[in-house]
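Worksheet for the structure shown next.
Residue numbers (our numbering): 1 to 1248.
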């Protein structure tokens, strides 16, 4: 027959032996027995030998002859004992002939290792219980299946590389528990086995389930009646049986699914490997299976697998080389060393007790035999042991126990322990190496020396009993909890990091060092045995509970959630640096050195707080209910917030001159009532979110913004000063009552907020008044606007509204808003030179005003105002109408007289004058009667008289111009035109020089203002020096005309002893007279300038645009009637999400606008201009940021695929505008084959 000679994974050799009338299958594989050959019998009852073979050697021509001779010799011996009959001899010859023909055909067709599949009946004859066998069959029927279940042995049925295989193990153990069978199962696409006999177990056994495949794969067990499918999850089909037909259908399906990969050679190789490995297991003597040379050395070479069958096994040394394996379900004791190198494995479901060194090198592994087991490495003995994992730091898949009466286990390399780690006795010395333990670490009665490496305990650490943990100089990281319950735990001088909880029990002794402790869990020390705090930073992110005596304790609480603090011991220093809340519970707190609340919330929670000489620094929030007993606190008044949260009556605590920086008053239930027993000074902000605050007639001074978003502020008496402004919103109420409110900032009355005044109260505001949906109830309150350039927004009803300025100022009203004043309205500028301007926020759009009672109006410049009250506002005295005003009365007489011109032309020739025209100011016609126009003054000044008294006697009904023209001149040099009325001589100074006019005084300088005049200089015409005051006469042109008189005759009698210049310019005039010129004989003209009134400049509106993500250079515009130099001021810039203004030059009005990244749309900002005295209305610059399509971004990817396999790739990208993306392939390997796209591009979904 044909026999198989095997070497695992490689060689398969066929030999032929002809037995008389033999029916043995030439495709059976037998285990290699080391004893005498085992015999079988053919169907004629003649014993046939099973030829042993060596599976470790490949077939060769060298040993072929010897092997043939062995077969021949054995056969001859058997024939001598059992001679063949004639029929048997004939059958033998026929068999030999057929076999020779077949071999010749195989040789010719070069079909090496190609075999026919054999009939079931032949295959069954080869299955034996004594040794491992395997055979390929053609098919399997229901009747075949019943035959298998009637055998006395367990038979495996598998589909392997498209072939149906029957096999036995030769072992009494169940098939599924054997390593060789497990390896076969991994290769098979269908696996099953029988439970033989009619009384066999129906369904899988406990071992079947335990050793089975993982879902979704299935194994089958077949009994004489039915079949079951199962895996590690249990029995399929709800635990119900399948029929034999169902089983055969599943087997056929597996054959069909693997038909394309049918490979008899591969199947043969797998079967040979199975036979060889099972042979090693079966053929070892029973004594070796149990002890393998008890207490001796065990060396496992490459390719060898040693399976320890049962019982504890003792060895001297264990050495595993190459890919050798030691497999055990039981404990092993090693008195010497253990060494695993190469790719060797020590697989054990039990404990390896070692008294010598342990070495894992390269890829050597010590692990559990299977997933259900556990491997334990235990160091034992009285000598020093070296633990070396060089190159295999994470290959120890076992729990580690140090249990030595004396001496140490010294680590020689970095180590990663995947299980637990315990030091029960003896010492583990990390020896400066890095150690990582995945499971829990327990140091009990033994010692752990961390040295200088980093020790990482991912499963937590318990130190108990008499053992010591010595942290060394490196870092110690404990991923879960740390419990100190033993003699001594020394923290490292590096950092001790605990990511779980930290507990020191009453028996525990913890000794901190110079290193820090970073605890990311809770701390508990209830009457600890010893707790010496570290001198480094001790940070805690969880809760703290310490009941006992701990001295010099400095702790940093850095949690982001709520941390509770329960301590009966004092702290020398507490730092709260976390963003969460540190809350006192159960116990009062005592701090002896310093308390720093650098961020987050420190919540007293009703507990007491004693600062016994300790400093306090607060940059976060201190929360209290208000009834806590606080002792020895020196308040931090330049930072931080105090937040009261109470639903009871509480008096705010006093801390000296300044009580708080920021103060927040809240009430969770809304019933809290806070009051002051003394003046409250707040250096920061005041916020009220709930409850009420009663000033109790005490002063309140707030340096920053006061915000009332809920609850109420009751200012009953006293003075309430808000230097940073006041905002009222939500359900917030500000009750002014009888107090004086000094608001040195802006008022924002927002939706839902209420400001309630009082008849006896006063509200002074220096900023803007912004009512944006809030409620203002004046109740008789006096509101005084006492700031500069203020604004009133929204519609409001005031009882008394007052604004009196001492310099030029502007009060701006929101365009379209209505201001109703039911009481007195006072709006006054300083004087004619310092007016109060009333303006609208939008030039050309009116604001409305409704003064319903008395008005005190003066020195105003008004524009865009609509008085909707039926009574006109009289502003005829010193007011300027700048246009678009309704319901206002201004002085119209000056306007009516602007076009009336009276001209006096005087011809100067040797003291001769001629009056050519005199015209009445009011009638606009030549005079025909006496005395209608008094146009000159003639007064002799004595020493006791003043020029003021002299001028007051004159009435200038209409005097508009004087021409000083010599006879030789052909025309007048200049005209002065303006209007004056009554006896008013207006402001400023005019000097007129008439040089070189023979016989006349050259210069008289006179200052004029409001009908007052003073002679400054009077100089003799001939002497060119000042005249004595007592002898000076001032002779101005005298003319008392009648209709019969000639102007020439009257004027000839007059002599011009002095000529004086008069400023004839009203304040309201739009144009100023610029000069008086005298033409002299020599042809020289001298010019005297007149000063004009200053006018308000104008800021220019602009509309500009820029593309997205580009800077825009802007030049602000403005004009001034006097062409004065202007400076520019930005009032309100764009929102940050829109952009920012850069490089602003106030003198040039230049700036750069930079849009926010990817912003597009419209925005505005406002500005105004100033000429140094007056300020313009605000103007708006509108900017349009044009949308620009930004380039999308392709997402970088890195993917991999096995060779000869397709890979589907999903390309991704992003686009700022959210546009739909399409994808294009730019480059790729020339050998790549891409599909899913089209030439030049990929589909829009980006997948190929």
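Note that CB positions come from ideal geometry on N, CA and C, so glycine has one too. In this text the structure is predicted, and so the values were computed from the model without any measurement.
For residue 829 and residue 856, the rounded distance between their alpha carbons: Roughly 11 angstroms separates the two Cα atoms.
Option nearest residue 774 by Cα separation, candidates 709, 189, 567 and 837: It is 709 whose Cα lies nearest to the Cα of residue 774.
Exposed unless 16 or more other CB atoms sit within 10 angstroms - verdict on residue 1197: Burial call: exposed.
Reduced DSSP category for residue 267 - H, G, I as helix; E, B as strand; rest coil: In the three-state reduction of the DSSP assignment, residue 267 falls in the helix class.
Beta bridge counterpart(s) of residue 193 as assigned by DSSP: As DSSP reads the structure, residue 193 sits in a beta bridge with 156 and 221.
6 angstroms CB neighbourhood of residue 1170 in its chain, flanking five on each side removed: Taken in chain order, the residues that qualify are 1127.
Best match in 207, 317 and 242 for proximity to residue 224 [C-alpha to C-alpha]: Nearest neighbour of residue 224 by Cα position, chosen from 207, 317 and 242, turns out to be 242.
Cβ neighbour criterion (16 or more within 10 Å) applied to residue 659: With 16 or more other Cβ atoms within 10 Å, it is buried.
C-alpha distance - residue 214 paired with residue 232, whole-angstrom precision: CA-CA distance, residue 214 to residue 232, rounds to 5 angstroms.
Rounded distance between the beta-carbons of residue 840 and residue 847, thought under 8 angstroms: Residue 847 to residue 840, Cβ: 5 angstroms. Contact.
Residue 1139, DSSP secondary structure in three states: Here residue 1139 sits in strand by DSSP.
Same chain, Cβ closer than 6 angstroms to residue 144, five either side skipped, listed in chain order: Hits under 6 angstroms: 120.
Helix, strand or coil at residue 257 [DSSP, three-state]: The answer is helix: DSSP assigns residue 257 an H, G or I state.
N- and C-terminal bounds of the beta strand (DSSP E) containing residue 365: Taken as a continuous stretch (DSSP letters only), the beta strand (DSSP E) holding residue 365 covers 365-367.
Residue from 169, 389, 422 and 666 with nearest C-alpha to residue 414: Relative to the Cα of residue 414, the nearest Cα in the group 169, 389, 422 and 666 belongs to 389.
For residue 239, the three-state DSSP class (helix, strand or coil): Helix at residue 239.
Helix, strand or coil at residue 97 according to DSSP, with G and I counted as helix: If DSSP states are grouped into helix, strand and coil, residue 97 belongs with the helices.
Cut-off 8 angstroms between Cβ atoms - residues of its own chain near residue 155, not counting five sequence neighbours on either side: Cβ contact annotation for residue 155 (same chain, cutoff 8 angstroms, sequence separation greater than five): 127, 148, 166, 167, 168, 193, 194 and 196, in chain order.
Spatially closest choice to residue 133 from 272, 89 and 636, by CA coordinates: When 272, 89 and 636 are compared, the shortest CA-CA separation from residue 133 is found for 272.
Touching by the beta-carbon criterion (3+ pairs, under 8 angstroms), the region 429-436 and the region 445-455: In short, these stretches touch, since the Cβ pair count reaches three.
Pick from 445, 1176 and 1161 that is closest to residue 1121, judged by C-alpha positions: Ranking 445, 1176 and 1161 by Cα distance to residue 1121 puts 1176 first.
Own chain residues within Cβ distance below 6 angstroms of residue 45, not counting five before or after: Because the pLDDT of residue 45 is 35, which lies under 50, any placement of that residue in the model is unreliable, and the question is left without a value.
Pair within 8 angstroms by beta-carbon distance, residue 744 and residue 723: At the C-beta level, residue 744 and residue 723 come within 8 angstroms of one another.
Status (buried if at least 16 other CB within 10 Å, exposed otherwise) for residue 575: Classified as buried, residue 575 has 16 or more neighbouring CB atoms from the shown chains inside 10 Å of its CB.
For residue 227, the three-state DSSP class (helix, strand or coil): Three-state result, residue 227: strand.
Inter-residue Cα distance where the pair is residue 1098 and residue 1193: When only Cα atoms are considered, residue 1098 and residue 1193 end up about 48 angstroms apart.
Stretch pair the region 674-684 + the region 725-732: three plus CB contacts closer than 8 angstroms: Result no; under three Cβ-Cβ pairs closer than 8 angstroms.
Alpha-carbon spacing of residue 361 relative to residue 391, whole angstroms: Between residue 361 and residue 391, the alpha-carbon positions lie close to 6 angstroms from each other.
6 angstroms CB neighbourhood of residue 263 in its chain, flanking five on each side removed: For residue 263, where only same-chain residues beyond five positions count, the Cβ hits under 6 angstroms are 161.
Residue 543, DSSP secondary structure in three states: The DSSP-derived three-state label of residue 543 is coil.
Where residue 778 falls: helix, strand or coil (DSSP): In the structure shown, residue 778 sits in coil (DSSP, three-state: anything other than H, G, I, E or B).
Residue 142 to residue 244 span [Cα, whole Å]: One C-alpha to the other measures close to 7 angstroms.
Boundaries of the alpha helix (DSSP H) in which residue 124 is found, first to last residue: Where residue 124 is concerned, the enclosing alpha helix (DSSP H) stretches over 120-126.
Meets three-Cβ-pair contact criterion under 8 angstroms: the region 1150-1167 and the region 795-805: In short, these stretches do not touch, since the Cβ pair count stays below three.
Complete beta strand (DSSP E) runs within the region 486-567 (minimum length 3 residues, chain order): Whole beta strand (DSSP E) segments, 3+ residues: 496-498, 502-504, 509-511, 517-519, 523-526, 530-532, 538-540, 544-547, 554-557 and 562-567.
Of the residues 1125, 1146, 1153 and 1123, the one placed nearest residue 1136, counting alpha carbons only: Minimum Cα distance to residue 1136 is reached at 1153.
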